[in-house]
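First comes the structure, then the notes that go with it.
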Amino acid sequence: MESGTQAFQQRSLSVKLWPPSHGTRLMLVERMTKNLTTPSIFSRKYGLLSNEEAEEDAKKIEELAFAAADQHYKKEPDGDGSSAVQVYAKESSRLMLEAIKRGPTVKDEEIADKTSIHETVFDISGGRRAFIDAEEAEEILKPLREPGNSYTKICFSNRSFGLDAANVAAPLLSSVKQQLTEVDLSDYIAGRPESEALEVMNLFSSVLEGCQLRYLNLSNNALGEKGVRAFGALLKSQNNLEELYLINDGISEEAAQAVSELIPSTKKLKVLHFHNNMTGDEGAIAISDIVKRSPALEDFRCSSTRVGTDGGVALAEALKTCTRLKKLDLRDNMFGVGAGVALSKALSLFAGLTEVYLSYLNLEDDGAEALANALKESAPSLEVLDMAGNDITAKGAASLAACIASKQFLSKLNLAENELKDEGAILIGKSLGEGHGQLNEIDMSTNAIRRAGARLLAQVVVKIPGFKLLNINGNFISDEGIDEIKELFKSSPDMLGSLEDNDPEGEDYEDEDEDEENAEEGNELESKLKDLKIEQGE
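Heads up, the sequence shown is in the UniProt record's numbering, so the first residue is 1 and it goes up one at a time.
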């Protein structure tokens, strides 16, 4: 008994930190790509990498760092892997710094363009997030004093301006405002008292009034209605905006109405982002007025804004005027079935739609079916479909499967946290056959899927060329099913996401009669699947 207890304790306390999961490795690549493409003091000196070059470099860096750390780990096989993790992190940082200092690879014909870019962007957002006082402002803003400078974009993000620093910046901004086309003042009053913050915003607004901007970012400033109106002079003078960002700004009903009231024209607006605000239905109605006046809109984001059915319907109606829409993100609101159905009527008009994010909208089957049916007949070039967390069952999966089958350019599908179960998973899986060569990521986690559904999904995706990741974690797959799936992925284990949250004895939280009925249906489903053939493209 004692030896058994000791063995159990040893197993319980033995936590392996190495090797990292496939998801962790992908996350590191994404973070390094972001760091390599974010303007900083290094990029001003060595140049800023393009997204494509940064992603390529990040993948190489991760592979080299992983190889070094794995070699280190093999020297300490009995350890927990913590030192290997440290090697992994340090080597990644070292190689990333080398990539930054090496700078972008520029072709001869691109040298002139590169020089032009560095002369036109003035960015102080790099480094730590901190207050900036008058003395530091004098020093850091010196380049704006240079006669004949050709700055067309300024970024003051990540530095908190008090009134003393703002008074230093004001005359400098005034001297360049006629040449400015892009202004980023996101997160530039953090930690300041409201009265001082409003004075700073009023000052910047009055100084920049009249400049003809194509890009304006006022995100992360906790504006509220007072803040929006503090920027009134600047907003009222804008007739050529193409991109407007008001993310995490406390945009309430009144603040949204102020934005709608102050901006005189949005006819050229292509990008409008209102993520993470407390807009609500009435605020959404005010935003819909802006949307109605923006026929050129290509990218609209109104996610996590507490919008219910009435606001969702208003936005859906307004979006009908935006026939050029390419990207739509309405995630994490309280639309419900009614707003989902209303939105489906707008989606049918978006022939150029490539990305649609409709997760966590309480759509249920009826809303999901309406949207899937609309998308089936439109958006032939759809690349991303996200409808996670909408209580979609096998009933709704039938329409979704028909829609998915028609999308040959689909690269990412997210149906996580629904109630698809085996029947729904099989319908979706059978829709992903021939003609889906672009598909590289599927998330069907937390759907009460068991062995049959999980096995079919695995059989399908393992044959798709270039496929990267199947996430079926958090389901109810038996131990035998897990073994079958791992066997299918034995030649490409990185394509299968973690299964650590799978529960082979999972319950569906239904009453006992329904459980027995489902068990009988499950056995019948297993027998039907024995001879099931999955069609795949070569």
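No residue lacks a Cβ here, since even glycine has one placed at the ideal position from N, Cα and C.
The beta-bridge partner set that DSSP reports for residue 155 consists of 123 and 184.
Between residue 250 and residue 147, the alpha-carbon positions lie close to 39 Å from each other. Looking only at 276, 248, 67 and 472, the smallest Cα-Cα distance to residue 18 is reached by 67. At the C-beta level, residue 270 and residue 240 stay beyond 8 Å of one another. Annotation: the continuous beta strand (DSSP E) that includes residue 327 extends over 327-329. As for any alpha helix (DSSP H) of minimum length 4 sitting wholly inside the segment 189-265, the runs are 194-208, 224-230, 232-236 and 253-262, ordered along the chain. Taking the Cβ atoms as the reference, residue 420 lies roughly 15 Å from residue 386, outside the contact range of under 8 Å. Here residue 479 has 504 as same chain residues with Cβ atoms under 7 Å from its own Cβ, once five neighbours each way along the sequence are excluded. Here residue 273 is bridged, per DSSP, to 245 and 301.
Per DSSP, the beta bridge partners of residue 412 are 384 and 441. Contact between residue 157 and residue 186 holds, since their C-beta atoms are separated by about 4 Å, short of 8 Å. Secondary structure of residue 370 (DSSP, three-state): helix. For the pair residue 464 and residue 425, the CB atoms are not nearer than the 8 Å cut-off. Under the DSSP definition of a beta bridge, residue 132 partners with 161. In the three-state DSSP reduction, residue 356 falls in the strand class (E or B). The C-alpha of residue 415 is placed about 21 Å away from the C-alpha of residue 481. For residue 470, there is no enclosing alpha helix (DSSP H); the enclosing beta strand (DSSP E) has its first and last residue at 469-471. Excluding residues up to 5 positions away in sequence, 414, 416 and 471 lie with their Cβ nearer than 6 Å to the Cβ of residue 443 in the same chain. Going by DSSP, residue 66 is part of the alpha helix (DSSP H) stretching over 51-74. Going by C-alpha positions, residue 28 is about 26 Å away from residue 354.
Counted as a single uninterrupted DSSP element, the alpha helix (DSSP H) harbouring residue 289 occupies residues 280-292.
In the DSSP assignment, residue 22 falls within the alpha helix (DSSP H) that extends over 22-37.
Residue burial annotation: residue 63 is exposed, with fewer than 16 other C-beta atoms found within 10 angstroms of its C-beta.
For residue 296, no alpha helix (DSSP H) encloses it, and the DSSP letter there is neither H nor E.
With 16 or more other Cβ atoms inside 10 Å of its own Cβ, residue 330 counts as buried. In chain order, 255, 258 and 259 place their CB closer than 6 Å to the CB of residue 228, counting only its own chain and leaving out the 5 sequence neighbours on each side. Looking only at 196, 429, 150 and 145, the smallest Cα-Cα distance to residue 172 is reached by 145.
DSSP links residue 496 through a beta bridge to 470.
When the five nearest sequence neighbours on each side are left out, the beta carbons in the same chain lying within less than 7 Å of the beta carbon of residue 406 are those of 376, in order along the chain. Annotation: residue 462 is outside any alpha helix (DSSP H) and is labelled neither H nor E by DSSP. Contact check for residue 253 against residue 224 fails: the beta carbons are separated by 8 Å or more. Between residue 288 and residue 247, the C-beta gap is not smaller than 8 Å, which leaves the two residues out of contact. Within its own chain, the residues whose Cβ lies closer than 6 Å to the Cβ of residue 245, once the five positions on either side in sequence are excluded, are 217, 219 and 273, listed in chain order. Secondary structure at residue 322: coil, using DSSP grouped into helix, strand and coil. Under the three-state reduction of DSSP output, residue 334 falls in the coil class, being neither helix nor strand. Your pair residue 427 and residue 398 checks out as a contact, with CB atoms roughly 6 Å apart and the cut at 8 Å.
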